[in-house]
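K.L.:
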């Protein structure tokens with residue numbers, strides 16, 4: 001059993017999820033042990049096979065209702081399916097556990113539902129747990145972010161921002177942002193990358209990459225396109241990042257990318273398509289990869305998939321920045337725990353995107369979140385035109401989609417498109433006075449570079 005579990009871990013680390021699921025199914029036929037079923041359920045959740053994941057989490061919970069890993073991921077699966085109330089019930093179980101670490105995860109998960117209404121007793125319990133100095137710092141950070149959401153719901157923005165600041169400061173100490181490495185990567189790509197002359201295969205499926213800043217509306221754009229009969233959605237995939245790391249380990253990502261042979265580019269493209277296949281459950285000529293960080297890899301995208309569609313969704317920097325600051329990311333996005341880091345990251349994003357647009361002037365579709373919210377029909381039709389997709393009524397009512405949503409926006413995108421999120425950062429404006437000049441400059445540059453309102 002230990003050898004097999006080591007094999008599963010190796011398959012997971014190489015992101016060969018299809019093979020890992022196959023092996024786990026085989027192991028489960030031989031043994032009904034709970035750890036095997038749990039591992040399988042988590043792998044099914046990761047790859048968007050929600051109904052199968054739910055079935056296995058139900059069986060896992062019957063065997064051990066006190067297992068917080070089962071309860072947490074059971075809740076995540078229900079959330080992805082759109083069952084927010086049932087997901088909240090699972091998270092409440094965690095929040096009420098005696099262990100403050102597990103409780104912190106539960107309270108943050110409730111906050112991250114974006115639909116749960118915190119009760120006075122929830123706030124009292126969080127405050128009580130924060131007094132326990134034995135709680136590890138990272139979990140204190142989660143409790144504070146949960147408290148911030150509760151205070152925001154009450155309209156107490158001063159208390160909410162104080163909790164946000166404290167929680168993010170704690171998390172930032174343990175997950176420092178290497179801004180120097182980020183800047184070096186961007187400068188290397190701008191200095192060294194040279195476009196490829198490769199042409200895509202006409203019989204190859206067309207990836208649609210949705211990029212930008214996190215919390216910018218990318219899940220909404222995904223939901224719109226995924227409602228089309230010729231498009232299938234996947235997840236925020238990490239495969240392009242894996243290729244970039246492999247090239248960097250061989251010397252230099254930018255240089256290595258510029259000098260890829262046609263055979264190697266074809267091999268990487270085929271590897272990407274093979275690994276994404278596990279996420280695709282219907283034969284569709286288009287599929288979506290919605291990893292916002294792929295703005296770093298547009299050169300790689302154009303090298304591997306010249307025919308790819310690239311959609312850059314852009315939101316007001318204040319609204320977007322506040323939304324990012326209020327979000328805890330389970331991995332990556334270390335810049336997000338300080339507003340200085342968010343602005344720095346955005347500055348790099350704009351600089352690199354301007355470079356990509358100069359290299360590939362007709363390949364990137366820039367889309368305004370605000371215009372989408374205010375003029376959904378016009379914006380959606382323009383988006384479909386760019387993707388060379390016929391207009392279908394379902395695309396104009398993305399809230400009707402029953403597909404699983406694995407991002408923090410799961411509850412939000414199940415509501416009709418509205419302007420309710422526009423200006424959402426303004427209530428924190430007084431706490432961000434020192435950053436407002438840079439945010440205003442970012443807004444001006446963003447509108448100019450991406451020609452959002454022309």
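Numbering (our numbering), first residue to last: 1 to 454. Even for Gly, the Cβ is constructed at its ideal location relative to N, Cα and C.
Kindly indicate which three-state DSSP category residue 121 falls into: helix, strand or coil?
P.N.:
In this structure, residue 121 counts as helix in the three-state DSSP scheme.
K.L.:
I'd like the list of long-range same chain contacts for residue 84, defined as Cβ closer than 7 Å, with 5 residues on each side in sequence excluded.
P.N.:
So the list reads 113, 115 and 411, once near-sequence residues are dropped.
K.L.:
Taking 6 Å as the limit between beta carbons, can you name the residues of its chain near residue 104, skipping five residues before and five after?
P.N.:
Same-chain partners within the cutoff: 139, 142 and 143.
K.L.:
Looking only at C-alpha atoms, which of 22, 9 and 405 sits nearest to residue 221?
P.N.:
Looking at the Cα atoms, 405 is the closest of the given residues.
K.L.:
Buried or exposed: residue 23, going by 16 or more other Cβ atoms within 10 Å of its Cβ?
P.N.:
That one is buried.
K.L.:
Could you tell me which uninterrupted alpha helix (DSSP H) segments, each at least 4 residues in length, are contained entirely in the region 211-284, listed from first to last along the chain?
P.N.:
Listed in chain order, the complete alpha helix (DSSP H) runs (minimum 4 residues) inside the region 211-284 are 218-226, 239-249, 253-258 and 262-276.
K.L.:
Excluding the 5 residues preceding and the 5 following residue 173 in the sequence, name in chain order all residues of the same chain whose CB lies nearer than 8 Å to its CB.
P.N.:
Counting only Cβ-Cβ distances below 8 Å, and skipping sequence neighbours, we find 137.
K.L.:
Cα separation between residue 240 and residue 155?
P.N.:
Distance between the alpha carbons of residue 240 and residue 155 is about 41 Å.
K.L.:
Give the secondary structure of residue 12 by DSSP, where H, G and I count as helix, E and B as strand, and everything else as coil.
P.N.:
Here residue 12 sits in helix by DSSP.
K.L.:
Please classify residue 458: does DSSP put it in a helix, a strand, or coil?
P.N.:
This structure does not reach residue 458, given that the chain is present from 1 up to 454, and the question cannot be answered.
K.L.:
Any idea if residue 98 is buried or exposed, counting beta-carbon neighbours within 10 angstroms, 16 or more meaning buried?
P.N.:
Exposed.
K.L.:
Is it right to say residue 109 is buried, meaning 16 or more other beta carbons lie within 10 angstroms of its own, or is it exposed?
P.N.:
Under this definition residue 109 is a buried residue.
K.L.:
So, for residue 196: in the same chain, excluding its five sequence neighbours on each side, which residues have a beta-carbon less than 6 Å away from its beta-carbon?
P.N.:
Result list for residue 196: 303, in chain order.
K.L.:
Using only CA atoms, which one of 418, 281 and 64 lies nearest to residue 397?
P.N.:
Nearest option by C-alpha distance: 418.
K.L.:
Residue 69: which of 81, 94, 17 and 86 sits nearest, CA to CA?
P.N.:
Among 81, 94, 17 and 86, the Cα nearest to that of residue 69 belongs to 94.
K.L.:
Measure the CB-CB distance between residue 247 and residue 352 and report whether it falls below 9 Å.
P.N.:
Against a cut-off of 9 Å, the Cβ pair of residue 352 and residue 247 comes out as no contact.
K.L.:
Given that a residue counts as buried once 16 or more other Cβ atoms are within 10 Å of its Cβ, and exposed if not, what is residue 33?
P.N.:
Exposed: under 16 other Cβ atoms inside 10 Å.
K.L.:
For residue 207, write down the residues that DSSP places opposite it in a beta bridge.
P.N.:
Answer is 287.
K.L.:
Measuring CA to CA, which of 296, 167 and 443 is closest to residue 145?
P.N.:
Comparing Cα positions, the closest option is 167.
K.L.:
Quick one: what's residue 368 bridged to in DSSP?
P.N.:
Residue 368 is bridged to 314.
K.L.:
Short of 7 Å in beta carbon distance, which residues of its chain neighbour residue 77, apart from the five on each side in sequence? Order them along the chain.
P.N.:
Result list for residue 77: 45, 50, 53, 54 and 57, in chain order.
K.L.:
Kindly give me the distance between the Cβ atoms of residue 280 and residue 234, rounded to whole angstroms, as I take these residues to be in contact under 8 Å.
P.N.:
Their Cβ separation, rounded to whole angstroms, is 7 Å, which keeps residue 280 and residue 234 in contact under 8 Å.
K.L.:
Can you look up residue 296 in the DSSP assignment and give me helix, strand or coil?
P.N.:
DSSP places residue 296 in helix when its eight states are reduced to three.
K.L.:
List the DSSP bridge partners of residue 309.
P.N.:
208, per the DSSP bridge assignment.
K.L.:
Counting beta carbon pairs with one atom in the region 204-215 and one in the region 309-322, are three or more of them shorter than 8 Å?
P.N.:
At 8 Å Cβ cutoff, the stretches touch.
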